[in-house]
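Okay, structure first, notes after.
There are 2 protein chains.
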Amino acid sequence: MRSLIVVAALLSAAAPALAQTPEALVQQIVKSAPFAALEPFIRGDQDRFVRDLIDLTEIPAPPFKEQARAVAFQKLLAREGLADVEMDGEGNVMGLHPGVVGSASPRPILVISAHLDTVFPEGTDVRVKREGTVLRAPGVGDDTRGLALLLALARTLKHGAFQTQHDVLFVGNVGEEGEGDLRGIKFLLHKGKYKDRIRQMLVIDGNESNGITNGGVGSKRYRVTFTGPGGHSYSAFGLVNPAFAMAGTIARFSRIKVPAAPKTTYSIGVVRGGTSVNSIPFEVHMDVDMRSESCAELEKVDAQFLALVAEAVAEENAARSTKEGPIKADPKVIGERPCGETPKESPIVRAAAAAITAFDLTPTYHFSSTDANVPMSRGIPAITIGRGGPGGRTHSLDEWTDVQPAANIVNIQRALALLLAADKLP
Amino acid sequence: MRSLIVVAALLSAAAPALAQTPEALVQQIVKSAPFAALEPFIRGDQDRFVRDLIDLTEIPAPPFKEQARAVAFQKLLAREGLADVEMDGEGNVMGLHPGVVGSASPRPILVISAHLDTVFPEGTDVRVKREGTVLRAPGVGDDTRGLALLLALARTLKHGAFQTQHDVLFVGNVGEEGEGDLRGIKFLLHKGKYKDRIRQMLVIDGNESNGITNGGVGSKRYRVTFTGPGGHSYSAFGLVNPAFAMAGTIARFSRIKVPAAPKTTYSIGVVRGGTSVNSIPFEVHMDVDMRSESCAELEKVDAQFLALVAEAVAEENAARSTKEGPIKADPKVIGERPCGETPKESPIVRAAAAAITAFDLTPTYHFSSTDANVPMSRGIPAITIGRGGPGGRTHSLDEWTDVQPAANIVNIQRALALLLAADKLP
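Quick mapping for you: the protein sequence lines, in order, are chains A and B.
The first sequence finishes on residue 425 if you use numbering that gives the first Met the number 0, and the numbering steps up by one all the way, no holes.
The second sequence finishes on residue 425 if you use numbering that gives the first Met the number 0, and the numbering steps up by one all the way, no holes.
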């Protein structure tokens, strides 16, 4: 009850707080008595945190097969007393911590999310091995610890009876890894019922407690299939060969120049095609990956690439006979992660930096590809912060995360401070 | 008995026959009374020919799995009364029709062969469907009909009590098709017990009754594996990429010039490698096929190719970082069919042409890749002639061959005339 009163007092200072810097706001929250009073609760909640983390880790969640874990996480969101707990059309699960009833309609939302999916295929042994405070299992860190952190934050918010200014939507989302292509968050922001109400977004992902991902590396991926008439390698010699057109594309692509900053990259990850050594292939394909910290550079390399495909195909069709049919190339987009940036000077990044500093770490700033790419690309202030750790061997069978209580408590406090500050940012 | 006398008379004319042209020799044989006298026997033997062909066709003989058929064929060679019937170390089966006892030691041999293997994998339905004189089944033509022809020739030789001047070795050999890489005939000529005695070779293969394959298209095949350190497509960007080195090779290779005559060809039939779109591959490979009617041109394109591999690898290692390791290329020979030619003017080719003309067809001359490549490459007079037909859809599940008696009888006569003439050629 006491904390409720003090928070109400904080809230009553909301209008003057508009003039406050994000740094001052974070300081005010962290130094407040109700915030400090939460420490024993968080400490006492550690076993629950670890139990949730183990339980969720041991429910496999391969890409596109997150449902069992999603259903379990949905129950936990309900257990924490969140409102409107549900699964959306893409498989994301979510629940609301309602803010004060304001006049704005629709009510703006602060989203806080972690992803349900892991990179591990079906059949992976996901049982957690415990060595002291170190938990080992595929996916135990990435991003299951993020899910456990969401639950701890919801519990702590409730325990402290914090009344936020805005609705806070807790989301366990699908499709962050690999070919998931951010489908969960894309759905949430493009099609979900809350799509027009999201004013800010905090994504929980990554092992670094002092890291702020405020840049979204954009990526564009293609599978380009080159087809031709095929034929016998000897008797049909002289006909166009799709492997030549593909090689012509790759050879040209390998010579393009990209800037070191903003970091821009390209790669051919997979090549495949042809049926036998003595046949001209009728089909070959390649998988192409392009990324950039800069939307403009990504667009540039993308346009260059598509032009090179056309050029190499034209060259092959001119170099050999097309009497049985020409080479054609079909570039199909197999991945597209929008790029974007939440500037370092923006209130949410400054608040995150202040929350990290408040707990004696030095913030570092990153460009990466996370669920935050989607809101960033739409101009919604968004960042990705760490799930707590230390941890490592992410995406390997030896993945581990350390739930050592002192560090974990601080991590929950830091995330809570940021959440409360973000809620009050203009 | 009568035929024996007449052939003995022919043989007694052997010394003057040395001065005979191959054409005159063939005419003499074909017009001889004992040869003409064989016609009713061959006609009466037709059912046996067809039965042998069906029986052998229905014994699967996939590449490298010819043994069941080889054992059956070995029994049939013994049934025809051939001597020294046996299977060699590679799986070829053979039997001798002994020639007259001469003074030469070791005794020179005329080989006549057909291949046991088909292109069809295990589990292919090889039951023969009969529609009038047309037999349909995978492999019924290529080259099972060649095997049935060998048996018919052995029977006819025996029935006519023909005494040949040289030993005639009847061979059902393994490994003609695809990756078999001519292993059966390579063994026969390089390692087999008769390897130093073979003076001439007639290969039975192909559907064309008037075709003479007197040129052996040589081929060289590689699987080139490009390896590198691999890495993440974004975080390890800048490291060498084996797909770039492979594409650089193929792009260069696609621009080399080869002569239209002697026909020389090259192809990339298979490309494969990489594990995911977001990884720089640590390994990619390609299968390369080069062929030529000319040994010199084949050597030239082969040398050019290997130089291009080295050039493209060096270019990639210079273009990007090798700090985690360089790109390496490993070209492994996966096929090598020696080239060779038995000149059109050589006695055996002239005799074959005369035998074709004698039965009212016009000979055509071909370069191809057959078992005869091996003896040709060693300077042994060798050609490939048709197994009889018509037939078609070779290497497909719809393969067929027509055993219409009139044409089949002529085909056996033509082959026999050539065999007898070859035996007497200088």
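No residue lacks a Cβ here, since even glycine has one placed at the ideal position from N, Cα and C.
Judging by CA-CA distance, which residue of the options is the nearest neighbour of residue i?
i              : options                           : result
G378 (chain A) : A:F366, A:T393 and A:E340         : A:E340
A352 (chain B) : B:I384, B:G122, B:R336 and B:S368 : B:I384
V348 (chain A) : A:G210, A:E292, A:I249 and A:H158 : A:G210
P59 (chain A)  : A:G183, A:A82, A:V118 and A:K256  : A:V118
M86 (chain A)  : A:F304, A:E314 and A:A69          : A:A69
V25 (chain A)  : A:P346, A:T56 and A:H284          : A:P346
A246 (chain A) : A:E282, A:R47 and A:V257          : A:E282
R144 (chain A) : A:A71, A:T400, A:T226 and A:D359  : A:T400
R392 (chain B) : B:P21, B:I53 and B:V139           : B:V139
L417 (chain B) : B:F40, B:P97, B:F48 and B:V110    : B:V110
E130 (chain B) : B:P21, B:V402, B:N410 and B:T356  : B:V402
T264 (chain A) : B:H231, B:M200, B:L415 and B:K219 : B:H231
V308 (chain B) : B:F72, B:I411 and B:V223          : B:V223
E335 (chain B) : B:F161, B:R220 and B:R47          : B:R220
E207 (chain B) : B:D142, B:L75, B:A421 and B:G191  : B:D142
A160 (chain A) : A:V100, A:V276, A:P33 and A:P61   : A:P33
H96 (chain A)  : A:E89, A:G88 and A:V84            : A:V84
Under the three-state reduction of DSSP, which class applies to residue i: helix, strand or coil?
i              : result
V118 (chain B) : coil
T369 (chain B) : coil
R413 (chain A) : helix
D54 (chain B)  : helix
N213 (chain B) : strand
L424 (chain A) : coil
S376 (chain B) : helix
A246 (chain A) : helix
K343 (chain B) : coil
T123 (chain A) : coil
I28 (chain B)  : helix
A113 (chain A) : strand
V402 (chain B) : coil
T264 (chain A) : strand
G43 (chain B)  : helix
S320 (chain B) : strand
D301 (chain B) : helix
A328 (chain A) : strand
R349 (chain B) : helix
A381 (chain A) : strand
I255 (chain B) : coil
V5 (chain A)   : Below a pLDDT of 50, predicted positions are generally treated as unreliable, and V5 (chain A), at 43, falls in that range; no measurement from the model is reported.
T132 (chain B) : coil
Please compile the residues from chain B whose C-beta is within a distance smaller than 8 Å of the C-beta of residue i.
i              : result
V269 (chain A) : G272, G273, T274, S275, V276 and P280
Is residue i near the ligand NAP, with its Cβ less than 7 Å from a heavy atom?
i              : result
H165 (chain A) : Inclusion of the ligand NAP in the displayed structure is not the case, the ligand content being empty and no account of it being possible.
Please list the partners that residue i has in chain B, where partner means a Cβ-to-Cβ separation under 7 Å.
i              : result
R290 (chain A) : Y233
Using a cut-off of 9 Å between C-beta atoms, extract the partners of residue i located in chain A.
i              : result
F236 (chain B) : V257, K262, T263, T264, Y265, S266 and R290
A318 (chain B) : S253 and R254
Check the Cβ of residue i against every Cβ in chain A and list those closer than 8 Å, keeping chain order.
i              : result
V216 (chain B) : Y233
V283 (chain B) : V270
Name the chain B residues that come within less than 9 Å of residue i, Cβ to Cβ?
i              : result
R42 (chain A)  : Simply none; closest approach about 37 Å.
D370 (chain A) : Simply none; closest approach about 17 Å.
Quick one: which chain A residues come within Cβ less than 7 Å of residue i?
i              : result
A220 (chain B) : Just to set this straight, residue 220 (chain B) is Arg in the shown sequence, not Ala. Per Cβ cutoff of 7 Å: V276.
D204 (chain B) : Residues of chain A passing the Cβ test: none, with the nearest at roughly 16 Å.
Residues within the segment 320-349 of chain B neighbouring chain A, beta-carbon criterion of under 9 Å:
I333 and G334
In chain order, what residues of the segment 239-272 of chain B put their CB closer than 7 Å to some CB of chain A?
N240, A242, F243, A246, G247, I249, A250, S253, T264, S266, I267, G268, V269, V270, R271 and G272
What are the residues of the segment 60-84 of chain A that lie near chain B, defined by any Cβ-Cβ distance shorter than 9 Å?
none
Runs of 3 residues minimum, wholly inside the segment 145-203 of chain B: which ones carry the beta strand (DSSP E) assignment?
166-172 and 197-203
Along the chain, which unbroken stretches of the beta strand (DSSP E) at least 3 residues long are found entirely within the segment 72-109 of chain A?
The beta strand (DSSP E) runs lying completely inside the segment 72-109 of chain A and spanning 3 residues or more are 82-86 and 92-96, given in chain order.
Can you pull out the residues from the segment 286-313 of chain B whose beta carbon lies closer than 7 Å to at least one beta carbon of chain A?
Here the close residues are D286, D288 and R290.
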